[in-house]
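Here the structure is laid out as structure tokens; the discussion comes afterwards.
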Amino acid sequence: MKKEAKLAQNFRDEIMKRFPAALYYKIPDSRSAGKRPFDAFLFCQGEFFAFEFKVELKKPTRYQEHCLGLVGKNRGRDFVVRNVNFYPTLERIKNVLKEKQWKQLELQSSR
51 MKKEAKLAQN FRDEIMKRFP AALYYKIPDS RSAGKRPFDA FLFCQGEFFA
101 FEFKVELKKP TRYQEHCLGL VGKNRGRDFV VRNVNFYPTL ERIKNVLKEK
151 QWKQLELQSS R
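Position one of the sequence shown corresponds to residue 51 (this note's numbering), numbered consecutively onward.
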């Protein structure tokens, strides 16, 4: 298994352990399907997260950067996941979801 595929698999396993009710989808690698916008996405508690997995110092392609940017512009969260930011990325996701829960509780209590 390639390093990038191993990183993606480990990330998926950790996501499913921490957020079992989430929808996580790894976009299949396919030469016939054309360009892939990013490697995977997560939909959890109404929040959309897009992930591009890279090992070492490799960078996303211009097309991937463009697609990740569109996710961000549309109120989603986009991440380039590497070995060095694997756990901090998971913590950022957890914090986004926790903040959303607090906002929902504030809205409910103000009614």
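For glycine and all other residues, C-beta sits at the position ideal for the given N, C-alpha and C.
Alpha helix (DSSP H) containing residue i: first to last residue?
i    : result
F101 : Segment 97 to 103 is the beta strand (DSSP E) holding F101; no alpha helix (DSSP H) there.
E106 : It is not in any alpha helix (DSSP H) - E106 carries neither H nor E in the DSSP assignment.
A71  : Careful: A71 lies outside any alpha helix (DSSP H) and carries neither H nor E.
For a quick check, are the C-beta atoms of residue i and residue j less than 7 Å apart?
i    : j    : result
K104 : V134 : no
K76  : A90  : yes
L114 : E106 : It should be pointed out that residue 114 corresponds to Gln in this sequence rather than to Leu. Going by C-beta atoms, Q114 is not nearer than 7 Å to E106.
Under 7 Å between C-beta atoms, does residue i make it to chain C?
i    : result
T139 : Here chain C cannot be found, since the structure has a single protein chain.
For residue i, list the residues DSSP reports as bridge partners.
i    : result
D128 : A100
K76  : A90
What number of angstroms, rounded off, separates the C-alpha of residue i from the C-alpha of residue j?
i    : j    : result
L118 : A100 : 7 Å
L147 : E97  : 8 Å
R142 : V121 : 16 Å
Q59  : C94  : 18 Å
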